[in-house]
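As numbered in the numbering used here, residues 23 to 478 make up the sequence shown, in order.
For each residue, glycine too, the CB sits at the ideal point set by N, CA and C.
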Amino acid sequence: MGRLIAISNRTAADASARAGGLAVAVWESLTATGGIWFGWSGNIVKDTPAAPDVFTDEGVEFVVTDFTEAEHDGFYLQFANRVIWPIFHYRVDLAHFGNTDFETYAAVNERIASLVVPRLEKGDSVWVHDYHFLLMGDYLRRGGWTGPIGFFLHIPFPSPEIFKALPEHEQIARAMCEYSVLGFQSETDRSNFVRYLTENYDAIDDGDGWIGVFGRRIRVNAYPIGIQADAFEKAAISARAKTASSRIGKFLGGRQLVLGVDRMDYSKGLPQRFEAVGKLFDHFPATRGKVSVTQIAPPSRSKVEEYRDLRIQLDELAGRINGDYGDLDWIPLRYLARSYDRRELAGLYRIARICLVTPLRDGMNLVAKEFVMAQDPEDPGVLILSEFAGAAEQLSDALIVNPHDTYHVAETIYRGLEMSLEERKERWGKLRRTVVEQDISWWRQKFLDDLDADLA
Ligand code: GDG
Numbered sequence: 023m024g025r026l027i028a029i030s031n032r033t034a035a036d037a038s039a040r041a042g043g044l045a046v047a048v049w050e051s052l053t054a055t056g057g058i059w060f061g062w063s064g065n066i067v068k069d070t071p072a073a074p075d076v077f078t079d080e081g082v083e084f085v086v087t088d089f090t091e092a093e094h095d096g097f098y099l100q101f102a103n104r105v106i107w108p109i110f111h112y113r114v115d116l117a118h119f120g121n122t123d124f125e126t127y128a129a130v131n132e133r134i135a136s137l138v139v140p141r142l143e144k145g146d147s148v149w150v151h152d153y154h155f156l157l158m159g160d161y162l163r164r165g166g167w168t169g170p171i172g173f174f175l176h177i178p179f180p181s182p183e184i185f186k187a188l189p190e191h192e193q194i195a196r197a198m199c200e201y202s203v204l205g206f207q208s209e210t211d212r213s214n215f216v217r218y219l220t221e222n223y224d225a226i227d228d229g230d231g232w233i234g235v236f237g238r239r240i241r242v243n244a245y246p247i248g249i250q251a252d253a254f255e256k257a258a259i260s261a262r263a264k265t266a267s268s269r270i271g272k273f274l275g276g277r278q279l280v281l282g283v284d285r286m287d288y289s290k291g292l293p294q295r296f297e298a299v300g301k302l303f304d305h306f307p308a309t310r311g312k313v314s315v316t317q318i319a320p321p322s323r324s325k326v327e328e329y330r331d332l333r334i335q336l337d338e339l340a341g342r343i344n345g346d347y348g349d350l351d352w353i354p355l356r357y358l359a360r361s362y363d364r365r366e367l368a369g370l371y372r373i374a375r376i377c378l379v380t381p382l383r384d385g386m387n388l389v390a391k392e393f394v395m396a397q398d399p400e401d402p403g404v405l406i407l408s409e410f411a412g413a414a415e416q417l418s419d420a421l422i423v424n425p426h427d428t429y430h431v432a433e434t435i436y437r438g439l440e441m442s443l444e445e446r447k448e449r450w451g452k453l454r455r456t457v458v459e460q461d462i463s464w465w466r467q468k469f470l471d472d473l474d475a476d477l478a
C-alpha cells in the first residue's frame, strides 16, 4: 500500500491525544505506511486563517488549519454538533436548523479538501473520518482526485425516516456516494443507509458489500471499531490503576461498585440510567446500603446548552435518590463531572461489579470494550449493555437491555449483583475473546484492505 492520507476534525498532533481509539488507529496506520494527517489545529482566529501549520512527527506529516470564529460556530458548533449529531442519534427534537450553517459546513469541507488535493500523489489512499466531513469525498473528486477515498462514520446512521428530517439529506447522501468505501459501525447503520438509497434512488444492493447507485459502484460495509485490547489489559494492572482502585475502595467500604463512564451527552442515556438506579433501590430493598453507584461524566465542550439542561436533570435525580435512601455513611449514587486518566479509569472498571453502558444510541461505545479488558479473570464483573449501542451486535454475552425500560434495567442490575461467579466467568470469557480478536488493529486492517482493493 502507498501513503495513507487521513482527514479528521481532531488530529493526534498533540502526543497526549494519541491515547484514545480513533487517534491510536490512525496514528498506527500513518507511522506504518507513512502519510499525512489533515485536520483542525484546535485554534480559533478572528477572520482569515493563516496558511496551515505543517510539521512532521515520527515520520508523520501533519497539516492543520485554524478555524475562523464563523467556521468554528457554523461548521463545528452548529451544523456538526447541533444538526448532524442529534439527528444521527435519532433526536430530531434537539436539532437546531440555522439558515446558513450548512453553507458554512460545506465551505469548511471544501476548504480542507483544497489543502489536501495539491498534496496527493498517485498511489495514495485517503481515509476520511466522521460526521464533520460527510462532504469531503465530493470536494476531493471535484478537485480532480480519482484515487481511493474511504470514509468511516463513528456515530450511528439513522433510519431513513429520521435521516430525511435533515433538509440537505439528498445533497449529503449524494456526496457520501462519492467515497469508494463507506464504513459504518454496525449492520444496523449499514442497512439504514442502504435502505435510504434503495427506497429513494433505486440503488441496487449486490448483497456482497457492493452498492450500485447514482451511476457508480461503492463498497458499503460495517467495520465495528475496536480498542487496543492488550494495552488496556495492561493499564488495568498498572500502579496508577491500583491507586485509583484503592482510593475508591475506601469510599466503597466493602459495598459493591456499579460504575458508569460516559461523556456527558444526551445520547448516553444518563437520566434514564439514574431513574433505573432509583428503581433498583425502590424495588430491591436488599441492595440498600450494599451498593454504590458512581457515574464518571466528563463535560462535553461542544454542546454547552444541552449540557446545562442535562446537569439540571441529573442533579435533580441524584438529589432525590440520595435524599430518599442515603445514610450517614452511604451515598447511593454520585456522579463526578470531571475526567480521569485512562489508567485510573481502568482501575475503576476492574473493581466494579457492574458496568452500566446504557446509551439511547451509540455508534459503538468503547467503554463497554474497555470494561471487558480491565477485568480480573478470577472475579470478573458484569457488563450491562444497551441494545442501541453498536457494541451490542458483537457483545451479545453481556446482559442486554432497553435503556428506556428503566424497571428492566433495575432488575438487570439486581441480576448482575446476584450472578454466580461461574456465570460471570463464562460470559466474560466470551466477551473477552471478541474484544481481543476484533481489536483496533483488526478494524484498521479490515477497512484498509477494502480500500486497497479499490486500488487494484
Ligand atoms: C464516538 C462515538 C464510538 C471517557 N471518560 C474519560 C475518558 N473517556 C473515554 C473512554 C472511551 C472514550 O472516552 C469514549 O468513547 P465512546 O465510544 O464510549 O464514546 P464517544 O466519545 O461518544 O465516541 C462512539 C467512538 O466514537 C469510536 O468510534 O464508539 O459510539 O459516539 O475511550 O474511556 N477517557 C479519559 N478520562 C475520562 O474521564 N482519559
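Query, Result
"Smallest Cα separation from residue 67: which of 49, 95, 57, 80?", "95"
"So, at 7 Å on beta carbons, what are the nonlocal neighbours of residue 424 in its own chain, with the 5 sequence-adjacent residues on each side left out?", "409, 430"
"What span of residues does the beta strand (DSSP E) with residue 278 cover, start to end?", "278 to 283"
"Taking three-plus beta-carbon pairs below 8 Å as touching, is the region 292 to 306 in contact with the region 432 to 442?", "yes"
"How would you label residue 273, buried or exposed, when you count the other beta carbons within 10 angstroms and need 16 or more for buried?", "exposed"
"DSSP three-state label for residue 317, please.", "strand"
"With contact counted as at least three CB pairs below 8 Å, one residue from each stretch, are the region 248 to 268 and the region 369 to 380 in contact?", "yes"
"Per DSSP, residue 54 is paired with what?", "In the DSSP output, where bridge partners are listed per residue, residue 54 has none listed."
"Within the continuous beta strand (DSSP E) that includes residue 28, where are the two ends?", "26 to 32"
"Any Cβ of chain C within less than 8 Å of the Cβ of residue 127?", "Considering every chain present, this structure includes no chain C. It has just one protein chain."
"Could you tell me the alpha carbon to alpha carbon distance between residue 220 and residue 143, rounded to whole angstroms?", "35 Å"
"Take residue 80 as the anchor and find which of 172, 50, 471 has the nearest alpha-carbon.", "50"
"By DSSP's criteria, residue 251 is part of a beta bridge. Which residues make up the other side?", "Partner(s): none; residue 251 has no beta bridge."
"Measuring CB to CB, does residue 170 end up less than 8 Å from residue 111?", "no"
"Of all the beta strand (DSSP E) runs that stay within the bounds of the region 136 to 164, which reach a length of 3 or more residues?", "147 to 151"
"Assign residue 349 to one of three DSSP states: helix, strand, or coil.", "strand"
"To the nearest angstrom, how far is it from the Cα of residue 135 to the Cα of residue 449?", "46 Å"
"Looking at the structure shown, is residue 384 part of a helix, part of a strand, or coil, going by DSSP?", "strand"
"Compare the Cα-Cα distances from residue 472 to each of 260, 172, 368 and report the closest residue.", "172"
"Just the Cα atoms here: how many angstroms apart are residue 231 and residue 440?", "43 Å"
"With respect to the beta strand (DSSP E) encompassing residue 244, which residues constitute its N-terminal and C-terminal limits?", "238 to 244"
"Do you know offhand how far residue 238's Cα is from residue 118's?", "33 Å"
"Give me, in chain order, the residues of the same chain whose beta-carbon lies closer than 6 Å to that of residue 298; leave out the 5 immediate sequence neighbours on both sides.", "428, 431, 432"
"Quick one: is residue 36 buried, meaning 16 or more other Cβ sit within 10 Å of its Cβ, or exposed?", "exposed"
"Could you tell me how far apart the beta carbons of residue 412 and residue 202 are, in whole angstroms, since I believe they sit closer than 8 Å?", "23 Å between Cβ atoms; not a contact."
"For the region 85 to 92 against the region 178 to 194, are there 3 or more C-beta pairs whose distance is under 8 Å?", "no"
"Relative to the alpha-carbon of residue 152, which residue among 288, 31, 313 has its alpha-carbon at the smallest distance?", "31"
"Since residue 458 is in the alpha helix (DSSP H), which residue starts that stretch and which ends it?", "443 to 459"
"When you compare only the Cα positions, how much space is there between residue 243 and residue 464?", "15 Å"
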